[in-house]
């Protein structure tokens, strides 16, 4: 029976083989190809890229396929791949003001310079199952605008002119890199934003939601949400000005929140910020809410709610870390369990011995307890 | 840049030896460095090619630089060791940046005398004692002996060392680690291809009267 | 060989620096397509620098830039990164989990290093030069030419008393460990015993209180003045720490409640050992059970000696 714990190697190999078989499913069905996932499950691909911190649609799609659609597993696969890549260059900061807009909305003004652009969205759809899709009905191509959109100014910049909103100023400091160095708490805002950007969407959504329900309320307005392609640039020695090495799709959310001010400083709106790879609107909104909540200390607000506690929020935001540590409970723990068993048995033996000990001794030790017991009898 | 050398002016970065291969050779050297730091006072012989003529470093110190330094590290170099071409060789072989400020250095190439002149190497803080400068010391000779007696973690009982008289300022500095622990300086001490380490947790005592007397002077 | 070459498969590197990776010599690559022992050389150097600090400040948790490994956090990624950073082609690796070489986690990690480093592996404690372990220290006394690498889930011994990293860092800095004694004493008040049976806190060289990882307290005495270097890696928490050979390691206790280790009423049912940590194996559903060595190699070698 001791051999029950032996043979692990073979069992593991078999388990993996079975899983691969399950993933493939019925061989009568054509196998999903990575291009199909990239094209037709694009939002899942985007979420995997965002939380894995790697912009590569094809590999994100591959990860989704390999993980049988398990998003957290796919994020993990892509993150583990990312960590093996050499760092060839550092990009210049993205200029989202120069974004090729695909979607851009503001909830704070009826109309804005550049206009409201709905773009592709599920927002106003009726959530009725479309049985046409079940019947493989073809979708007509969308109409396209004749002219491409002009560059749109950032809506929050419009408030800048009046000084109504706080200005974000680059203090020139090198940002901390959470992929290279472990964060040491308390961390600055740039570090917090990095951690939130790869944080689990569901977790950020719940925390952001909690601020709306009063746990660290900060009165948010969706100042601007924009989605589109931005150029990625790097500085190369020997070239004047940065070189564009490609375009990536990103979503950005700028929340406008209740004003702060002090005796010295005029009241101003404050900001919360969210940015993510791909089309990731819910994620960026939740991120902006949590970012603003985590600024409580800086803005002199009382820290009373979970979403305002930086170490709590940030240390538990990463789905790769969280799912790893939860799932490790499946590993054998019998050595430690045996330790607990041994102690528990000893404690119970001693307890039993005390129970059967002569009542006189007990009465001497605990007169009031003994008295109560007698009374109960 | 200071330092002199008759033929050294023409030394190119590639004249400084590189590791036989970036993976296995550096692993072997690292294990020797790890052994040295784990068991302070024990000597290791580092296999690395000879340095170009005129170089003031020891081969062992150069091997330590190749093993530990890269783009993410800052190196401070004692002017007496900074022969022409050394900075270029460091940049070429490791990518490490040279810093002018001892307090910013992750590693410092020094001679024992440096420790009586430069006091600003980073010792870390009580909260972050790891944020300290590691010394890579170039000296004339290392031998077992009883000028200096080391004890503490990594040493079963005690371990004796003999260093040349010039080592006194260095050993005086390292014996002061005890009072500031966990802040302090860790040191690799090299001579030729030989290397040993003194960790900040190591208790350093001067045993001979000679050493003791000089230690008092410092 | 003085010529500098960029020969790594992924190298489009524009810099001319040797340690600027990925300019590694091709000999570091292997059939897996990854670098020797998986991690890239720059990551290894970062971990190696941190290890030297850890050894120089015994028991202090050095933060390091832990990387994602191709195994889940919590499954030994810290230990694996340490092993990957110290491992050489000549090493002989042993991996155990719960003292056994053939538990799923141990099998998986061993086969990982066979694949990405091609090193020789063994189950024999005495033959191994590097031993990665989860939750046990081998029964056979380790020698000075061996390194033991522990997988650590929560490196901070004060974490369950004080959840904030900011706070515990100050407590370590000020050597303020009173809360730990209070916690242990509360156990005594409640149960008559210290109720911590594994991950039992120790004090290293009289300074740092350290979590020895979730080894049973039975193993704690093996940490004291061990001949082997002990390295501890926590991947998710991104901390590593060390106990050099011949270092004082004391388990926290009280004068009236001295530290004591577990003992069993019966010997190992297989090899008859009375000095080893025993696992309980349930043999039927009527409360039948037997006790056997948790260290499978120890048990096996004892049986071979008898035979």
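Chains as they are written, first to last, in the UniProt record's numbering: chain A, 1 to 377; chain B, 1 to 218; chain C, 1 to 307.
A virtual CB, placed ideally from N, CA and C, is assigned to each residue, including glycine.
If you're wondering where the values come from, they're calculated on a predicted model, not measured in any experiment.
### Task
Work out the CA separation of residue 319/A and residue 97/C for me, nearest whole Å.
As a first step, residue 97/C is located in the third chain; it is residue number 97 there, counting from the start. As a first step, residue 319/A is located in the first chain; it is residue number 319 there, counting from the start. Going from the Cα of residue 97/C to the Cα of residue 319/A covers about 25 angstroms.
### Message
Does residue 80/C come out as helix, strand or coil in the three-state DSSP assignment?
### Response
One-based indexing of the third chain puts residue 80/C at position 80. Residue 80/C falls in the helix class under three-state DSSP.
### Task
Rounded to whole angstroms, what's the CA-CA distance from residue 123/A to residue 199/A? Just pull it up for me.
Residue numbering aside, residue 123/A sits at position 123 when the first chain is read from its first letter. Residue numbering aside, residue 199/A sits at position 199 when the first chain is read from its first letter. In a straight line, the C-alpha of residue 123/A is about 23 angstroms away from that of residue 199/A.
### Query
Between the stretch 333-356 of chain A and chain C, which residues of the former have CB atoms less than 8 angstroms from a CB of the latter, in chain order?
333, 334, 335, 336, 338, 339, 340, 341, 342, 343, 346, 347 and 350
### Task
Mind checking the stretch 30-48 of chain B against chain C and listing, in chain order, the residues whose C-beta falls within less than 7 angstroms of any C-beta there?
30, 31, 33, 34, 37, 38 and 39
### Query
For the putative contact between residue 104/A and residue 226/A, defined by C-beta atoms under 8 angstroms, what is the C-beta separation to the nearest angstrom?
In the first chain, the residue the question calls residue 104/A occupies position 104. In the first chain, the residue the question calls residue 226/A occupies position 226. Right, their Cβ atoms sit about 4 angstroms apart.
### Task
Would you list, in chain order, the members of the stretch 75-94 of chain A that have their beta-carbon closer than 9 angstroms to a beta-carbon of chain C?
Answer set for the stretch 75-94 of chain A: 76, 77, 79, 80, 81, 82, 83, 84, 85, 86, 87, 88 and 89.
### Message
Give me the residue from 35/A, 302/A, 303/A and 286/A with the minimum Cα distance to residue 206/A.
### Response
Taking the first chain and counting its residues from 1, one reaches residue 206/A at position 206. Considering only alpha carbons, the answer is 286/A.
### Query
For the stretch 155-181 of chain B, which residues have a beta carbon sitting closer than 9 angstroms to at least one beta carbon of chain C?
155, 156, 157 and 181
### Query
What are the boundary residues of the beta strand (DSSP E) that includes residue 162/A?
To locate residue 162/A, count along the first chain from 1; it is residue 162. Neither: residue 162/A is in no beta strand (DSSP E) and is coded neither H nor E.
### Query
Where do the N-terminal and C-terminal ends of the beta strand (DSSP E) with residue 94/C fall, by residue?
Translated into positions along the third chain, residue 94/C becomes position 94. 92-97 is the extent of the beta strand (DSSP E) around residue 94/C.
### Query
Quick one: what does DSSP say residue 314/A is sitting in, helix, strand or coil?
Indexing the first chain from 1 puts residue 314/A at position 314. The answer is helix: DSSP assigns residue 314/A an H, G or I state.
### Query
Contact between the stretch 261-280 of chain A and the stretch 61-78 of chain A: three or more CB pairs below 8 angstroms?
Fewer than three beta-carbon pairs drawn from the stretch 261-280 of chain A and the stretch 61-78 of chain A are found closer than 8 angstroms, and the two stretches are therefore not classed as touching.
#### Entry: C-beta neighbour in chain C for residue 134/B, strict 8 angstroms
In the second chain, the residue the question calls residue 134/B occupies position 134. Residue 134/B counts as touching chain C.
### Task
Could you tell me if residue 174/C is buried or exposed, where buried requires 16 or more neighbouring beta carbons within 10 angstroms of its beta carbon?
Locating residue 174/C in the third chain gives position 174, where the first residue counts as 1. Residue 174/C comes out exposed.
### Task
Kindly list the residues whose CB is nearer than 7 angstroms to the CB of residue 57/C, restricted to its own chain and excluding five residues on each side of it in sequence; keep chain order.
Position 57 of the third chain holds residue 57/C. No residues qualify anywhere along the chain.
### Task
Just mark residue 18/A as buried or exposed, buried being the case when its beta carbon has 16 or more other beta carbons within 10 Å.
If you number the first chain from 1, residue 18/A lands on position 18. Exposed, since its Cβ has fewer than 16 Cβ neighbours within 10 Å.
#### Entry: chain C residues whose Cβ lies nearer than 8 angstroms to that of residue 181/A
By one-based count along the first chain, residue 181/A stands at place 181. Going along chain C in sequence order, the residues near residue 181/A (Cβ under 8 angstroms) are 63 and 65.
### Message
For chain C, check one thing: does any of its Cβ atoms lie closer than 8 angstroms to the Cβ of residue 54/B?
### Response
Numbered from 1 along the second chain, position 54 holds the residue referred to as residue 54/B. No, residue 54/B does not count as interfacial toward chain C.
### Task
Can you grab the Cα-Cα spacing for the pair residue 174/B / residue 80/B, in whole Å?
As a first step, residue 174/B is located in the second chain; it is residue number 174 there, counting from the start. As a first step, residue 80/B is located in the second chain; it is residue number 80 there, counting from the start. Cα to Cα, the separation comes out at about 21 angstroms.
### Query
Taking a cut of 9 angstroms between CB atoms, which residues from the stretch 212-226 of chain A lie near chain C?
none
### Query
Any idea what DSSP makes of residue 124/A, helix, strand or coil?
By one-based count along the first chain, residue 124/A stands at place 124. Coil.
### Query
List, in order along the chain, the chain B residues whose C-beta lies closer than 7 angstroms to that of residue 278/C?
On the third chain, residue 278/C is found 278 positions in, with the first residue counted as 1. Residues of chain B passing the Cβ test: none, with the nearest at roughly 31 angstroms.
### Task
State the beta-bridge partners of residue 234/C as determined by DSSP.
Position 234 of the third chain, counted from the first residue, corresponds to residue 234/C. Paired residues: 239/C.
### Task
Would you mind telling me which residues of chain B sit closer than 7 angstroms to residue 198/C, beta carbon to beta carbon, in chain order?
Position 198 of the third chain, counting from 1, holds the residue named residue 198/C. Neighbours of residue 198/C on chain B: none; closest Cβ ~24 angstroms, over 7 angstroms.
#### Entry: Beta-bridge pairing of residue 216/C - partner residues as DSSP gives them
The residue given as residue 216/C occupies position 216 in the third chain. Answer is 198/C, bridged to residue 216/C.
#### Entry: Proximity of residue 45/C and residue 83/A at Cβ, strictly below 8 angstroms
For the purposes of this step, residue 45/C is taken as residue 45 along the third chain, with counting starting at 1. For the purposes of this step, residue 83/A is taken as residue 83 along the first chain, with counting starting at 1. Result no, Cβ atoms of residue 45/C and residue 83/A do not sit closer than 8 angstroms.
### Message
Quick check: is the beta carbon of residue 193/C nearer than 8 angstroms to any beta carbon in chain A?
### Response
Here residue 193/C refers to the residue found at position 193 of the third chain. Among the CB atoms of chain A, one or more fall inside 8 angstroms of the CB of residue 193/C.
### Message
Is the separation between the beta-carbon of residue 98/A and that of residue 151/A shorter than 8 angstroms?
### Response
The sequence position of residue 98/A within the first chain is 98, counting from 1. The sequence position of residue 151/A within the first chain is 151, counting from 1. A contact, by the Cβ cut-off of 8 angstroms.
### Task
Express the C-alpha separation of residue 237/C and residue 62/B in angstroms, rounding to a whole number.
To locate residue 62/B, count along the second chain from 1; it is residue 62. To locate residue 237/C, count along the third chain from 1; it is residue 237. Between residue 62/B and residue 237/C, the C-alpha separation is close to 34 angstroms.
#### Entry: Contacts around residue 198/C, its chain only, beta-carbon distance under 6 angstroms, and the 5 residues preceding and following it disregarded
Within the third chain, numbered from 1, the residue matching residue 198/C stands at position 198. So the list reads 214 and 216, once near-sequence residues are dropped.
### Query
Taking residue 62/C as the reference, which of 169/C, 200/C and 186/C has the closest Cα?
For this step, residue 62/C is matched to residue 62 along the third chain. Minimum Cα distance to residue 62/C is reached at 169/C.
### Query
Which of the three DSSP states, helix, strand or coil, is assigned to residue 133/A?
Mapped onto the first chain, residue 133/A falls at position 133. In this structure, residue 133/A counts as helix in the three-state DSSP scheme.
### Query
Whose C-beta lies closer than 8 angstroms to the C-beta of residue 185/B among residues of the same chain, with five residues either side of it excluded?
Indexing the second chain from 1 puts residue 185/B at position 185. If we look at residue 185/B and ignore the five residues flanking it on each side, its Cβ neighbours are 121, 123, 132, 133, 134, 135, 173, 174, 177 and 200.
### Message
Under 7 angstroms, CB to CB, which of the residues in the stretch 285-319 of chain A have a partner in chain C?
### Response
311
### Task
Using a Cβ-Cβ cut-off of less than 7 angstroms, give me the residues of the stretch 193-206 of chain B that come near chain C, in sequence order.
199, 200 and 201
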